[in-house]
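For the record, the sequence lines run as chains A and B. For what it's worth, my numbering labels the leading residue of the first sequence as 2, then goes sequentially. For what it's worth, my numbering labels the leading residue of the second sequence as 48, then goes sequentially. Read through the structure below, which is laid out as structure tokens, and then see the notes.
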Amino acid sequence: NAGVTQTPKFRVLKTGQSMTLLCAQDMNHEYMYWYRQDPGMGLRLIHYSVGEGTTAKGEVPDGYNVSRLKKQNFLLGLESAAPSQTSVYFCASSYVQINSPLHFGNGTRLTVT
Amino acid sequence: AQRVTQPEKLLSVFKGAPVELKCNYSYSGSPELFWYVQYSRQRLQLLLRHISRESIKGFTADLNKGETSFHLKKPFAQEEDSAMYYCALSGRAGANNLFFGTGTRLTVIP
């Protein structure tokens, strides 16, 4: 049982390049989330999804797009990467029940030069 | 707006000493509060939540609405408690997304 799997683990991009981060969960969770973690900032919610085919903006959505075409996958896209998007990105998932714990992936460390 | 404040970035205690990690929150509604922990080379995971009123690994946390606090406490720290601790608040209906504090790195000195 892998839980929440993020790919890739590391990536270096040049300014203006695009990329997609993949999150996959095998727990049949309805809810999925993308967070970014920056020094001194804690984790901040980028986008989230309450079910297949749905997405919603979080606290810091600008510069990112997401898609949830399949229940088990939640993709985070950067269309034109900027140095300000250098961060560690965490995916998480949870059951529908209120206050169900979030299950996190191991994170993706992205550097934009 | 929701806000979670963890005033201590770093906290060091000796093994066997009591430990308290502070968390204060700001939220106009009725908050649901959590502590998440990240041990070295492991993923972030739930430690405890206030609605369960449980003790996990010897840790407890009491919600004090008057002081808007949710401090994490353990009477006798162990070396394996060394980790990064995040306080988090859930205040939005319809999803379980959380607002996190900036975290406190706890080091237990042998």
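Where is the CB? At the ideal position from N, CA and C, for every residue including glycine.
Do residue i and residue j have their CB atoms nearer than 7 angstroms?
| i | j | result |
| --- | --- | --- |
| Tyr-65(A) | Tyr-49(A) | no |
| Cys-92(A) | Gly-78(A) | no |
| Ala-82(A) | Gln-18(A) | yes |
| Gly-150(B) | Gly-43(A) | yes |
| Leu-76(A) | Thr-21(A) | yes |
How long is the line joining the alpha carbons of residue i and residue j, rounded to whole angstroms?
| i | j | result |
| --- | --- | --- |
| Lys-10(A) | Lys-104(B) | 30 angstroms |
| Thr-112(A) | Arg-96(B) | 34 angstroms |
| Gly-4(A) | Val-51(A) | 18 angstroms |
For residue i, which residues from the same chain have a beta carbon less than 7 angstroms from its beta carbon, with the 5 sequence-adjacent residues on both sides left out?
| i | result |
| --- | --- |
| Pro-157(B) | Lys-62 and Glu-126 |
Quick one: residues in its chain with C-beta nearer than 8 angstroms to the C-beta of residue i, no 5 flanking neighbours on either side, listed in chain order?
| i | result |
| --- | --- |
| Val-61(A) | Arg-37, Arg-45, Leu-46 and Ile-47 |
| Ser-87(B) | Ser-129 and Ala-130 |
For residue i, which residues does DSSP report across the bridge?
| i | result |
| --- | --- |
| Arg-50(B) | Ser-73(B) |
| His-104(A) | Ser-94(A) |
| Gln-92(B) | Val-84(B) |
| Thr-21(A) | Gly-78(A) |
By Cβ distance below 6 angstroms, which residues in the same chain neighbour residue i in space, the five residues on each side in sequence not counted?
| i | result |
| --- | --- |
| Asp-39(A) | Ser-88 |
Nearest to residue i by alpha carbon, out of the options?
| i | options | result |
| --- | --- | --- |
| Arg-50(B) | Leu-136(B), Leu-153(B) and Leu-95(B) | Leu-136(B) |
| Ser-84(B) | Tyr-133(B), Phe-147(B), Asn-143(B) and Leu-145(B) | The identity of residue 84(B) in the sequence shown is Val, whereas the question assumes Ser. Of the listed residues, the one whose Cα sits closest to Val-84(B) is Tyr-133(B). |
| Gly-148(B) | Gly-113(B), Phe-81(B) and Val-66(B) | Phe-81(B) |
| Gly-113(B) | Lys-120(B), Ser-77(B), Lys-121(B) and Glu-101(B) | Ser-77(B) |
| Ser-99(B) | Lys-71(A), Ala-25(A), Pro-102(A) and Thr-55(A) | Pro-102(A) |
| Tyr-74(B) | Pro-122(B), Ala-124(B) and Phe-117(B) | Phe-117(B) |
| Ser-95(A) | Ser-85(A), Arg-110(A) and Gln-73(A) | Gln-73(A) |
Any chance the CB of residue i is under 6 angstroms from a heavy atom of the ligand SAH?
| i | result |
| --- | --- |
| Ser-50(A) | This structure lacks the ligand SAH, and indeed carries no ligand of any kind. |
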